[in-house]
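Sequential numbering of the sequence shown, starting at -16, is according to the numbering used here. Just so you know, even glycine gets a beta-carbon here, dropped at the ideal spot from N, CA and C. Input: a single structure, listed below in structure tokens.
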Amino acid sequence: MNRLAPSILSADFSRLGEEVKTIEEAGAHIIHVDVMDGHFVPNISFGSAVMKSLLGKTKLPFDVHLMITDPDRYIKDFVTENTEIITVHQEACIHLHRTLQMIKSHGVKAGVSLNPATPLFTLEYVFEDLDYVLIMSVNPGFGGQKFIPSALEKIRKLAVMKAQRLSLIHI
């Protein structure tokens, strides 16, 4: 099933509650929350307090995309009653398997995001632990970038891996 998951990164933060209501009324299924720390990626977005300010203002679930160094330290901060998915970057995790297990221990679906230059084989030994894989088609941290066409081939290869393993992951 395809789901529409707009990011709140481009929202007017002085009207965040209204902006979320607008995307909810437009038919969004889930809210994508891009968290950037200024270290793993060059820009800074917001922390868990901004996301938590939406609790009670929307019934939509949160898809939290952590573009941060040492995500293990912050996972619990992003777990709320609305949090459905937490996605971490393979490149930011020292022990990816442990990070995925930590996410799942909070009753949240676990995802991995791969930067454009990161090969799929990095997922080989954690594939069965994944609920989601996010293939980045731009380098993380900036909006308005040009699409990187090689992402399409990576998605095709991931779909083959999924079929071969009879996996239920979402791409």
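Excluding the five sequence neighbours on either side, which residues of its own chain have a C-beta within less than 7 Å of the C-beta of residue i, listed in chain order?
i: T101; result: Q73 and E74
i: K92; result: E67, I68, D114 and Y115
Report, in whole angstroms, the separation of the C-beta atoms of residue i and residue j, which I expect to be a contact under 8 Å.
i: G124; j: P25; result: 5 Å
i: D17; j: H48; result: 5 Å
i: A11; j: A(-12); result: 7 Å
i: L79; j: V109; result: 5 Å
i: L38; j: T63; result: 6 Å
Leaving out five residues before and five after residue i in sequence, what residues of the same chain have Cβ atoms less than 8 Å from its Cβ?
i: A134; result: P99, I118, M119 and S120
i: F104; result: none
i: E111; result: R148 and S150
For residue i, collect the residues of the same chain with a Cβ closer than 6 Å to its Cβ; drop the 5 residues on either side in sequence, then sort them by chain order.
i: F23; result: M50, I51, T52 and A75
i: G0; result: K40
i: P44; result: I13, N65 and E67
i: M34; result: V16
Just reading off the alpha helix (DSSP H) that residue i is part of, what are its end residues?
i: G0; result: L(-1) to E8
i: S133; result: S133 to Q147
i: V33; result: S31 to K35
Quick check on the burial criterion: 16 or more other C-beta atoms within 10 angstroms. Buried or exposed for residue i?
i: P132; result: exposed
i: S(-7); result: exposed
i: S96; result: buried
i: S88; result: exposed
i: V71; result: buried
i: S28; result: buried
i: V143; result: exposed
Going by DSSP, which residues form a beta bridge with residue i?
i: L(-13); result: According to DSSP, L(-13) bridges with nothing at all.
i: I117; result: A small correction: the amino acid at residue 117 is Leu; Ile does not occupy that position in the sequence shown. Looking at the DSSP assignment, L117 forms a beta bridge with S96.
Going by DSSP, what residue range makes up the beta strand (DSSP E) through residue i?
i: I69; result: T66 to H72
i: K179; result: Here the chain comprises residues numbered -16 to 154, so residue 179 is not present and cannot be evaluated.
i: L83; result: Note, L83: premise wrong, no beta strand (DSSP E); alpha helix (DSSP H) at L79 to S88.
i: V16; result: I14 to M19
i: F45; result: F45 to M50
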